[in-house]
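First comes the structure, then the notes that go with it.
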Amino acid sequence: MVEQFQSLPAPQRGGFAAALDSDLLHAFLRSKITVAAALITVVLVLAAILAPWIAPHDPFDLRQLNLLDSHLPPAWLADGDPRYLLGTDDQGRDVLSTILYGSRISLSVGVLSVGLAAAVGIVLGLIAGYAGGFLDALIMRIADVQLTFPAILIALLIDGTVRALFGAQRNETLEFWVLVLSIGMSFWVQYARTVRGSTMVEKSKDYVLAAQLIGIHPATILFRHVLPNVIGPVLVIATINLALAIITEATLSFLGVGLPPTQPSLGTLIRIGNNFLFAGEWWIAIFPGITLALLVVAINLLGDWLRDALNPRLQ
Amino acid sequence: MLAFVVRRALEAVLVMLVVALIAFALFRFVGDPINQMVGLETSFEERQQLRQALGLNDSVLIQFVRFVWHALRFDFGISYQFKRPVIELIGERFPATIELAVVSALFSLLLGIPMGVYTALNRQSWLSKLFLAISLIGISLPTFLIGILLIFVFAVSFQVLPSFGRGEVVRLGFWSTGLLTGSGLKAIILPAVTLGLFQMTLIMRLVRSEMLEVLRTDYIKFARARGLSNRAIHFGHALKNTLVPVITIAGLQIGSIIAFAIITETVFQWPGMGLMFLQAVQNADIPIMSTYLLLVSGIFVTINLVVDLLYVSVDPRIRIDRRVA
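Order-wise, the sequence lines are chains A and B. Under our numbering, the first residue of the first sequence is numbered 119, with each subsequent residue one higher. Under our numbering, the first residue of the second sequence is numbered 1056, with each subsequent residue one higher.
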């Protein structure tokens, strides 16, 4: 019975849960992998948060940069410099330090845009599920239309529009928030759909009826009473979306419409390094690439584990 | 059935109108179209004349109707960067993107289906585990990173495949193809693999889970009881029944292949529509952006519609479900 149940919603089950089946051996393997994923995530996140204190160099302090030190290979290769463990880039910046600061920026964009997407999605989902009728139809039709298009295309469009609106007066801070906005607004649909579904179930329960009877304001009912009961699945979606948001940010930055080289995220670093790949200077692109891959895979695995552990009925 | 077709077609038209409205709003309100078209030395009077001639002084509704009317006749205005009609630019880039999309879709189907069948039939073999590990990479890694890694291995380290461009192209009327020359064929390998890897993993996982499900059903047991060979059961009965959802998903994925081509085309400097769209985003070239938006949504909406209708006509169970719901 259990096995049959698990094999049912096959196309929706992405990530690792589908890759390794529900056999006991695999479950054990998976838990070991989950532990490893958790460790990697914690290490990477801590390293990103503590970057200003643990990075060997400050890549943004121009006084510390020396062009004579540029294009150095990793320390263990011939010509390597022990001061720069993973080598230096074209401006003489220490690759390890730029990776630490880069993951900090990648993670902030990821967390903030997931927060924005969740906030917008939850509010719209609560309203749609609770109000029903015209509002519900309107919000869900917009969601359907947006779902027709891949998130990356929507993020690119929002980014391009803002770019055209602001023209020359762009700066680094603005780029950062434009990125958060474009990614956040391209991911809200999933939250809205899930929250709407569970809100419709909660709406007819006794505690909501009781609250309505004693005349509590609908907004209070929604946010104080319904929201805590529908938030579970949202957390799972948020974890899996964090990996997606980080990928989207890296992709946009790699495409050259994200963060500028003066404020590099992991994607920007890979973009910079890509220019030197043919010259044989692989370390400038490959190390940030590995960091990005590790971060994304680890967060994905954690999200899958969380989904299995909480076992909410997703979509 | 007819009511369903009509309703779905009307919905598709409505979606296209909404997209057209967004494209129009981009075109009309983001930046001043006149400023983009003329030089600094143009006088105020000349600008007003141009404004009048282009109909920018009419009411917004009339302008929108005119925009849709022009779009229906494939007149999408003039690119700010290239000072040429957008439709000409798209026409030049269109074959490259379509060839890339078709080759990578073929790659993902021709590899994904056999790999899915194999992993479903031999669940414990080491090769299945290898396939599943590859599929994990295909799903987790961003497309551009896969592209860079492939370039690093095959173009930089081993120097066996080119890393950018389309190679030599042959012109067949309005269509330029790279599939008839040796260098063109070599050039398409890395981009097509990069673009198709995600779809391949998706199809492999889908075929695998559908196969596992079908193999548990009674009619497979009955086929075994009749003494049919494994081969006839697996391919004649099981695989055939898994293909309906696979074709649906694969059809729907064509849309995202075209969208993800933006990334692949940038990594490999593939001269297609995606690369042009990205350059348009970087340079705020609104006519190209809005045209691309219209074109891609047109393709998406058409595919969705066709897949929906095919699905209903192929699988009678859905019709009954819809009626009940």
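Heads up, the beta-carbon is just placed ideally off N, CA and C, and yes, glycines get one too. Predicted model only: the values in this text are computed from it and were never measured.
Contact check, residue i vs residue j, beta carbons under 9 Å
i, j, result
"Q1103/B", "G1110/B", "no"
"F1219/B", "F1332/B", "no"
"A1381/B", "L1267/B", "Residue 1381/B lies beyond the range of chain B shown here (1056 to 1380); nothing can be said about it."
"S224/A", "I408/A", "no"
"A1316/B", "G1329/B", "yes"
"L1257/B", "G1202/B", "no"
"A166/A", "S215/A", "no"
"F1079/B", "S1352/B", "no"
"E320/A", "V344/A", "yes"
"F267/A", "F1355/B", "yes"
Proximity test, Cβ basis, 9 Å: residue i and chain A
i, result
"N1177/B", "no"
"V1381/B", "Only positions 1056 to 1380 of chain B appear in this structure, which leaves residue 1381/B out of reach."
"N1359/B", "yes"
"D1376/B", "Any answer about D1376/B is weak, because its pLDDT of 48 lies below 50 and its placement is not dependable; what the coordinates show is given next. Answer no: the Cβ-Cβ gap between D1376/B and chain A never drops below 9 Å."
"S1180/B", "no"
"I1133/B", "no"
"V1379/B", "Note on V1379/B: pLDDT 41, under 50, position unreliable in the model; no value is reported."
"M997/B", "Nothing about residue 997/B can be reported from this structure: the residues present for chain B run from 1056 to 1380 only."
"T1407/B", "The structure shown does not extend to residue 1407/B, since chain B is modelled only from 1056 to 1380, so the question has no answer here."
"I1206/B", "yes"
"I1244/B", "no"
"A1314/B", "yes"
"T1152/B", "no"
"I1318/B", "yes"
"Y1366/B", "no"
"I1145/B", "no"
"F1277/B", "no"
"S1159/B", "no"
Nearest neighbour of residue i, chosen from the options [CA to CA]
i, options, result
"E399/A", "I339/A, H189/A and A337/A", "H189/A"
"K1241/B", "W1230/B, L1252/B, M1255/B and E1223/B", "E1223/B"
"L1350/B", "R1263/B, M1071/B and A1064/B", "M1071/B"
"P406/A", "L164/A, W171/A, L195/A and G205/A", "G205/A"
"P191/A", "A368/A, A403/A, G220/A and R389/A", "A403/A"
"Q308/A", "G239/A, A155/A and L203/A", "G239/A"
"T159/A", "F396/A, F372/A, W401/A and L360/A", "L360/A"
"V296/A", "I276/A, T312/A, V161/A and W306/A", "I276/A"
"I1243/B", "M1259/B, I1153/B and G1146/B", "I1153/B"
"I1145/B", "D1130/B, V1158/B, A1156/B and Y1173/B", "D1130/B"
"D179/A", "Q381/A, G198/A, G391/A and I388/A", "Q381/A"
"V415/A", "Y1173/B, G1251/B and L1196/B", "L1196/B"
"S322/A", "A235/A, L203/A, A249/A and G198/A", "A249/A"
"I172/A", "D197/A, Y219/A and D187/A", "Y219/A"
"F1229/B", "L1270/B, P1150/B and L1250/B", "P1150/B"
"I1194/B", "L384/A, L362/A, W401/A and L395/A", "L362/A"
"T1236/B", "L1250/B, R1221/B and I1206/B", "R1221/B"
"V1157/B", "P1169/B, A1247/B, V1085/B and E1101/B", "A1247/B"
Residue i at chain B interface by Cβ criterion, 9 Å
i, result
"W400/A", "yes"
"A255/A", "no"
"V415/A", "yes"
"V319/A", "no"
"G250/A", "no"
"S140/A", "Unreliable placement is indicated for S140/A, whose pLDDT of 45 sits below 50; no coordinate value is reported for it."
"V375/A", "yes"
"T291/A", "no"
"A156/A", "no"
"L420/A", "no"
"R201/A", "no"
"I358/A", "no"
"P191/A", "no"
"A368/A", "yes"
"A403/A", "yes"
Cβ distance (whole Å) where residue i is taken to contact residue j below 8 Å
i, j, result
"V1074/B", "V375/A", "The pair is not a contact, with the Cβ atoms about 21 Å apart (cut-off 8 Å)."
"A356/A", "V232/A", "5 Å"
"T420/A", "A156/A", "The sequence shown places Leu at residue 420/A, not Thr. Going by Cβ atoms, the distance from L420/A to A156/A rounds to 6 Å, so yes, they are a contact pair."
"P1326/B", "Y1135/B", "About 20 Å; that fails the 8 Å criterion."
"L164/A", "I1318/B", "Not really, about 31 Å apart at Cβ, beyond 8 Å."
"D176/A", "G210/A", "That belief does not hold up - the Cβ atoms of D176/A and G210/A are roughly 12 Å apart, past 8 Å."
| Complete alpha helix (DSSP H) runs within the stretch 1064-1127 of chain B (minimum length 4 residues, chain order) | Here the runs fully enclosed are 1088-1092, 1099-1108 and 1115-1127.
| Ranges of the alpha helix (DSSP H) found wholly within the stretch 367-414 of chain A, counting only runs of at least 4 | The qualifying runs are 384-392.
| In chain order, which continuous runs of the alpha helix (DSSP H) of length 4 or greater are located wholly inside the stretch 157-206 of chain A? | The alpha helix (DSSP H) runs lying completely inside the stretch 157-206 of chain A and spanning 4 residues or more are 169-172, given in chain order.
| task | Starting from the N-terminal side, write out each stretch of the beta strand (DSSP E) that is 3 residues or longer and does not extend beyond the stretch 1163-1248 of chain B. | result | The qualifying runs are 1225-1227 and 1230-1232.
| Which ranges would you report for the alpha helix (DSSP H) in the stretch 303-330 of chain A if only whole runs of at least 4 residues count? | Fully contained in the stretch 303-330 of chain A are the following alpha helix (DSSP H) runs of length 4 or more, in chain order: 306-321.
| said: Runs of 4 residues minimum, wholly inside the stretch 222-254 of chain A: which ones carry the alpha helix (DSSP H) assignment? | reply: Taken in chain order, the stretch 222-254 of chain A contains no complete alpha helix (DSSP H) segment of 4 residues or longer.
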